[in-house]
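Colleague:
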Amino acid sequence: MTEQTSLFDTNRNYQPTDPEIVELLGNTAKQAQMRHYGRSPSFYRLGRKIIYTGADLNAWADAQRVDTLCKEKRTRAGGA
516 MTEQTSLFDT NRNYQPTDPE IVELLGNTAK QAQMRHYGRS PSFYRLGRKI
566 IYTGADLNAW ADAQRVDTLC KEKRTRAGGA
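My numbering puts the first residue of the sequence shown at 516, with every later residue one more than the last.
(1) Check each candidate in S557, V581 and Y529 and name the one with the smallest Cα separation from D571.
(2) Where does N573 sit, in a helix, a strand or coil, going by DSSP?
(3) So T532 and T543 are in contact, right, with Cβ under 8 Å, and what is the actual spacing, rounded?
(4) Please state the DSSP three-state secondary structure of L539.
(5) With a threshold of 8 Å on Cβ separation, who are the neighbours of Q528 within its own chain once the five nearest residues in sequence on each side are excluded?
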């Protein structure tokens, strides 16, 4: 069982221009591309305003996680 990521405050709403969001997802143009192609975190569109919830950002971060195989598993699978 893996732990839930808590990079973001689950009780807070974030906007695309917040420094934490820009650092993680890129500038607003990049974020718009991610939303268009379905690669962004879940969001609310309120008129022209975009809102990310902390819980949705944490869920998205969890989904991006890449687990590496431990050395024992690589050895059994024939890897170096």
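Glycine included, C-beta positions come from ideal geometry on N, C-alpha and C.
Modeller: Concretely, from the data shown:
(1) Residue S557 holds the alpha-carbon nearest to the alpha-carbon of D571 among S557, V581 and Y529.
(2) In the displayed model, N573 falls within a helix according to three-state DSSP.
(3) Right, the Cβ-Cβ distance comes to about 7 Å (below 8 Å), so this counts as a contact.
(4) Helix, per DSSP.
(5) Looking at the sequence shown, residue 528 is not Gln but Asn. For N528, the CB contacts under 8 Å within the same chain, skipping 5 residues up- and downstream, are I566, Y567, T568 and G569 in chain order.
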